[in-house]
Amino acid sequence: MVMGKLVLISRLAGRDIRRHPAQAVLLLLAITAATAVLSLGLVLHGVTSQPYQQTRAATNGPDVVAYLPALHGPGVRPGPPAAAAALARAPGVTGHGGPYPDVWTIIRARGLSAGAEAEGRTQASSPIDQPKLTAGGWVRPGHVVIERTFADALGVGVGDRVTLGGQAFTVGGIAVTAAVPPYPNLCQVTGGGCVGGAPGGEQVPPRDLGMIWVTEPDALRLATPAAPVSTYVLDLRLGDPAQAEAFAAGHSGGPGSAGLSNMVGWPDLAAADGLLVQDEQQVLSPGALLAALLAVASVAVLAGGRMAEHTRRTGLLKAAGGGPGLVAGVLLAENLVLALAAAAAGLLAGWLAAPLITSPGAALVGTPGAPSLTVPIAAEVVAVAVAVALAATLVPAIRAARTSTVSALAGVARPPRRRAALIAISRRLPVPLLLGLRLVARRPRRAILGAASIMITTAGVVAVLAFHVTADRGDQATASGLSDPVVIRDEQMLLVLTVVLLALTALNAVCAAWTTVLDTRAASALARALGATPRQVGAGIAAAQVIPAVPGALLGIPLGIELFAAASRAGRVVVPPAWWLAAAVLGVLIAAAALASIPAWAGTRRPAAEILQAEMV
Amino acid sequence: MNETAGPEAAGGTPVLRARGLHKHYGKDAGLVRAVDGVDLDVDAGETVAVTGPSGCGKSTLLHLLGGLDRASAGEIWLAGRRVDQLGERALARLRREAVGFVFQAFHLMDELTAVENVELPGLLAGQSPRAARRRAAGLLERVGLADRAGFLPSALSGGQRQRVAIARALVADPLVVLADEPTGNLDSEATLDVLRLFDSLHAAGQTLVIVTHDSRIAATADRLISMRDGEFVDQTRLTGGTTGSLGTLAGLEG
Amino acid sequence: MQQEVVLAMLAKEPSHGYELRARLQQALGPAGDAMNAGQIYVTLGRLEKAGLVTCEQAAGLPDRPDRKVYALTADGQQRVTEWVTDTSWPGPGLAEFHLKLIAAAAARLADPLAIIDAQRRELLRSLRDTQRAAMAEPPGSDAALLLEGIVLRLQADLRWLEACERKWTGRKDRS
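Protein chains in written order, with my numbering: chain L, 3 to 619; chain Z, 95 to 348; chain Y, 29 to 203.
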């Protein structure tokens, strides 16, 4: 008996989906979009710390890095301070590397110049913090090894000629390290010359500094009276890595430090490493939220639009003897099938898209392989999809249970409300606006939903514009013209996000227009029977989408500015120029109108007589 | 727009003329001949009733005449102008200016009051709101519903709703009013109201083509056409008196 | 039994009393169950007395009414012709019109479809007149009620005539 019912339910559900393929496809797309965004967000969530760990393992990264200021002046012996030896023997320290001399210098390559922190190293491998080469070989006299992200920004490769402090060098290799954050976040933890000192007499902003390695003699040769050796770097390995921060806090400001000594534990290094991806996260999270909201809005619009259809079908089923259980079962089966298919598609899409975004900051030895799509993540996405299916079923099912069979058959799902004020206003408008405004008045909730989705899209576009404003102003760009990987990253992120938002809004617009067409079939046919041309009716349906879009777009402007302020690191309120905003709003409105006219045009193809006759049955 | 004059010169031209009208659906085994070769002439001021069993194609015929559907073959002239080849825009104009349609299901907008329903074709035609409202109010008075102008359709009886629909059909002072089973959804009393209205329209010179299977309406028409299987099978003018009297009909011995 | 009906039954050819009865019963079906033999013979007797029908005894058979052979006279023929084209209504009932159609078809007196059509037109005219009278009445008048009753019956009769037309058209197409 249960088997029979299940067979019946599946047959009814399948037939229903086949009869309205377009609606099923739209619903599928909307849920897929939501699940794709969700799975992308979930996959990216845990990605930050991992690459640091990989780099640390590959390079024997230190637990603590100590920056000991070099002493200068008359009567001071050149070389590492005595404090270095003392630190290396401190309790808890099980190994050390260095001390290495650090010199601040200017690197010039291919017409660009930037500041560089040159660390003097031995040609032999160090036991702790031996940077891992991704190209070329380790330091040799006359050859410099450049940190990977820095090298990308400078645009140099192995074998290129550069000058350091005026002296000619050749790029011998490209490497990554876990001991300092990659360019351009070098100064997030390094002490010393990072306060924007004047290496070589040129003022260089803190962001334009990168890490390079040379032989120790070369480093000492780079030192000038104006820019002497600034610090000695000591890498420490602790017996208990968990004590790194305590150790660093405890030993900072020790004897001989002269107030400038700086100790960094590996957790801070990891955090600094993650800044690159953190930026992405900051852009991604609100963006993902927006995208998810849009997707949900689409689903809501579609579910609401099918309400009338559902009510009538429910009446038929009940009249044929089906109980509320059967009715709910058919509805649930339909939505569940679509939701599960959408979940699978969304997971796949998210999994495929994640690597494009997560190839972490080039400095970290993270392989651009697919971040793990773990079972918990997949389960979460499927659960959400099922929840959406249930939610989409719940309201119609409750309504079906409450409506009497008779009124359900009459198809009176929700008779349109009368809005006398809007009707009075619409009388004075040209025909398409008259029709459009009256359509809006009939279904105010759908209009609000449409306005909300346009608002979200416009907010996204405005946020992107604000970002471009700051990028152009150079707040985040480098004065020296180096390409800023963060900016590039952010730009890519925002581009992807904008594309996703626009695609979702397009989907939403089509969904809304489609459901409007279905909902107003009889009214449109009647309007045509009374003398409106199909073009006027189509324009009216499009106008019905655009009219609520106007306040939505206008509200989206302040929302977008707020979003950018909240997401940007500086928290600054940036207002894009007025004509950019105007262009954005107009663009969104025109796109909304254009997208709405497709279903609108399709809906006016059937002869009016056919529709009016059908309405009588 | 083609302005091909009909076969007859103006003056004595029938208001509505159709020749060789066909409407087919489907093909081969599934071919349905809804209208199968219909010729029709309707003179100005005439009331023509078309009767027939359900499915005989009379509603389809009316839709063709009113420009709501396109004929598969044949020609239609309205006031001497050829209208079957018109584009959608021109057809819409036709429906606005020359033809008024009355449906069996009334087809009033539920959220508009009676007067707002009646003024709608005027607004769609681009009239000023004031002019449209004035005309609508006048027409509602004509059909005897001036006191119900502000009522929603849900507050009106079936007969009143149909009268509002008839008022709406008259907004453009059409050449011909086409009515598709106007009393199909009405009870006896409401039918009488509608009949009275049609009668007064007829007296005022309005041309009417009514599709109906209500013999009461058919009996009061100038011309009665019987339709079966898509073609006309009979045309009658009910002239002359009857052999019996009302008394005999009532059962009184004559 | 309506005299004219019996006359019409003889229009095709003379027949025995029992043949007449059989034909009537077939035409009337259950509606004819209440009819008894006597009524027919009484009517036949009256018709004979009125000179519309002649009666012959078949030779060599006992003197019983059902064995007699009845035939129309010239007067009787004329009476039948008049009756067939008479469109007054309502007349005694549906049975008469029904038998009129059958008799007309059997005896080729007239095309049943033409009879139906003529009757239909007559009823429509009556409907028209009644309708006009009803519209002229002030609302709520007593006469209006009576007129509505007439209208409803006329409508019902017209619907039956449409059914007759459908059936007899089919019969004609088959023959």
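Glycine residues also receive a C-beta, built at the ideal position from the N, C-alpha and C atoms. None of these values were measured; they are calculated from a predicted model.
Can you tell me which of the three DSSP states residue i falls into?
i	result
L:K7	helix
Z:S320	strand
Z:R187	helix
L:Q169	strand
L:I130	coil
Y:W117	coil
L:M213	strand
L:L40	helix
L:V576	coil
Z:T330	strand
Y:L182	helix
Z:L202	coil
L:G194	In this predicted model, L:G194 has a pLDDT of only 46, less than 50, meaning its place in the structure is not dependable enough to derive any value.
L:R91	coil
L:V146	strand
Y:Y98	strand
Z:A259	helix
Y:L38	coil
List the residues that DSSP assigns as beta-bridge partners of residue i.
i	result
L:S115	L:R110
L:Y69	L:V235, L:N264
L:R163	L:T172
L:G97	L:R239
L:E121	L:D104, L:W215
L:G138	L:G175
L:G324	In DSSP, L:G324 forms no bridge with anything.
Z:F195	Z:L272
Z:K117	Z:V129
Z:L304	First, the residue type needs correcting, since residue 304 of chain Z is Ile and not Leu in the sequence shown. Z:A143, Z:A273.
L:L441	L:L441 pairs with nothing; no bridge assigned.
Using CA coordinates, which residue listed in the options is at the minimum distance from residue i?
i	options	result
L:E247	L:A85, L:D104, L:Q169, L:G94	L:G94
Y:A135	Y:V33, Y:E41, Y:Q53, Y:Q31	Y:E41
Y:Q106	Y:H126, Y:L152, Y:V81, Y:Y98	Y:V81
Z:R212	Z:D287, Z:K152, Z:L246	Reading off the sequence shown, one finds Val at residue 212 of chain Z, where the question assumed Arg. Nearest of Z:D287, Z:K152, Z:L246 to Z:V212, Cα basis: Z:L246.
L:S41	L:V383, L:I450, L:A155, L:I214	L:V383
Z:R257	Z:A208, Z:L180, Z:T333, Z:H116	Z:A208
L:A393	L:W516, L:E336, L:A181, L:V67	L:E336
Y:A172	Z:S282, Z:L172, Z:A266, Z:S166	Z:S282
L:V301	L:V433, L:A387, L:A90	L:A387
L:A60	L:E119, L:W106, L:P133, L:P101	L:P133
L:Q55	L:T179, L:I109, L:V27	L:T179
L:R523	Z:V132, Z:M203, Z:A173, Z:A167	Z:M203
L:P578	L:T472, L:A529, L:L506, L:G558	L:T472
Z:L291	Z:R310, Z:R236, Z:E325	Z:R236
Z:L318	Z:L134, Z:L158, Z:R224	Z:L134
L:R420	L:P432, L:P434, L:L439, L:R430	L:L439
Z:C150	Z:R111, Z:L185, Z:G131	Z:G131
L:I559	L:L528, L:A534, L:A468	L:A468
Short of 7 angstroms Cβ to Cβ, which residues in the stretch 247-260 of chain Z face chain L? Those would be none; no residue qualifies.
Please specify which runs of the alpha helix (DSSP H), each continuous and at least 4 residues long, are wholly inside the stretch 132-182 of chain Z, giving them in chain order. Within the stretch 132-182 of chain Z, the complete alpha helix (DSSP H) runs of at least 4 residues are 152-159.
What are the residues of the stretch 137-151 of chain Y that lie near chain Z, defined by any Cβ-Cβ distance shorter than 7 angstroms? So the close ones are R149, E150.
Which of the residues in the stretch 153-173 of chain Y, read from start to end, lie with their CB under 8 angstroms from any CB of chain Z? Under the 8 angstroms Cβ criterion, the stretch 153-173 of chain Y contributes R153, S154, L155, R156, D157, T158, Q159, R160, A161, A162, M163.
Scan the stretch 325-340 of chain Z for residues whose Cβ lies nearer than 8 angstroms to a Cβ of chain Y and list them as they occur along the chain. Of all residues in the stretch 325-340 of chain Z, those with a C-beta nearer than 8 angstroms to a C-beta of chain Y are D328, T330, L332, G334, G335, T336, T337, G338, L340, reading in chain order.
Please name the residues in the stretch 525-538 of chain L whose beta-carbon is closer than 8 angstroms to at least one beta-carbon of chain Z, in chain order. So the list reads A525, L528, A529, R530, A531, L532, G533, A534, T535, P536, R537, Q538, given in the order they occur along the chain.
Could you pull out every unbroken beta strand (DSSP E) segment of at least 3 residues lying fully inside the stretch 41-88 of chain Y, listed in chain order? The stretch 41-88 of chain Y contains these whole beta strand (DSSP E) runs: 81-84.
If you measure beta-carbon to beta-carbon, which residues of the stretch 425-437 of chain L are closer than 7 angstroms to chain Z? Listed by position along the chain: I425, R429, R430, V433, L436.
Interfacial residues, the stretch 278-295 of chain Z to chain Y, with Cβ spacing under 8 angstroms: Contact annotation: in the stretch 278-295 of chain Z, residues whose CB is within less than 8 angstroms of a CB in chain Y are S282, L286, L289, R290, D293.
Taking a cut of 7 angstroms between CB atoms, which residues from the stretch 294-311 of chain Z lie near chain Y? Here the close residues are S309, R310.
Run through the stretch 494-533 of chain L for me and flag every whole alpha helix (DSSP H) of 4 or more residues, listed as ranges in chain order. Runs found: 523-531.
Report the residues of the stretch 189-210 of chain Z with a CB closer than 8 angstroms to any CB of chain L, ordered along the chain. Those residues of the stretch 189-210 of chain Z that come within reach of chain L (Cβ to Cβ, closer than 8 angstroms) are R189, R190, E191, F195, F197, Q198, A199, H201, M203, D204, E205, L206, E210.
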